[in-house]
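**Student:** The structure that follows is given in the form of structure tokens.
Residue numbers (this note's numbering): 317 to 446.
Laid out in structure tokens, this is it:
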């Protein structure tokens, strides 16, 4: 009896997880890539937050929806960020470059030239791929 109940419980959990937002089998772009205009405005506001974790997470979501806005708020974040935060933010530059959006790629390269950035290995590798 216990085995049957235990088995039914696990099956019910899997079915319920796949129905809702906790479906980890869906690609990130499918879950977060179609945000409304209001949600994008809210994300942009969150990306300007003084809380670096909140700001970086908001910028990551913006990369999926509005790469230009993501780059603009990332550049603004960079101006107030600590060295550790800048290192973490470079991973977002990698994500932006992987999108293969030529105007954004060009803007990033120009911006990096002005900043004289010392890239983390992931960023150096992505730049080498270009």
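Glycine included, every Cβ here is placed at the ideal spot set by N, Cα and C.
Between which two residues does the alpha helix (DSSP H) holding residue 357 run?
**Tutor:** Its alpha helix (DSSP H) spans residues 353-363.
**Student:** Check this for me: beta carbons of residue 371 and residue 378, under 8 Å apart or not?
**Tutor:** No, Cβ-Cβ distance for residue 371 and residue 378 is not below 8 Å.
**Student:** I need the straight-line Cα distance from residue 445 to residue 422, nearest angstrom please.
**Tutor:** Using only the alpha carbons, I get a separation of about 14 Å.
**Student:** With DSSP as the reference, label residue 399 as helix, strand or coil.
**Tutor:** In this structure, residue 399 counts as helix in the three-state DSSP scheme.
**Student:** Am I right that residue 375 and residue 390 are in contact with their C-beta atoms under 8 Å? What's the rounded C-beta distance?
**Tutor:** Indeed they touch by this definition, with Cβ atoms about 5 Å apart.
**Student:** Using the C-alpha atoms, what's the distance from residue 351 back to residue 424?
**Tutor:** When rounded, the distance between both Cα atoms is 24 Å.
**Student:** Assign residue 442 to one of two classes, buried (16 or more other C-beta atoms within 10 Å of its C-beta) or exposed (fewer than that).
**Tutor:** Buried is the call here.
**Student:** Go ahead and pull the three-state DSSP assignment for residue 366.
**Tutor:** Three-state result, residue 366: coil.
**Student:** Hey, out of 331, 329, 392, whose CA is closest to residue 360's CA?
**Tutor:** It is 392 whose Cα lies nearest to the Cα of residue 360.
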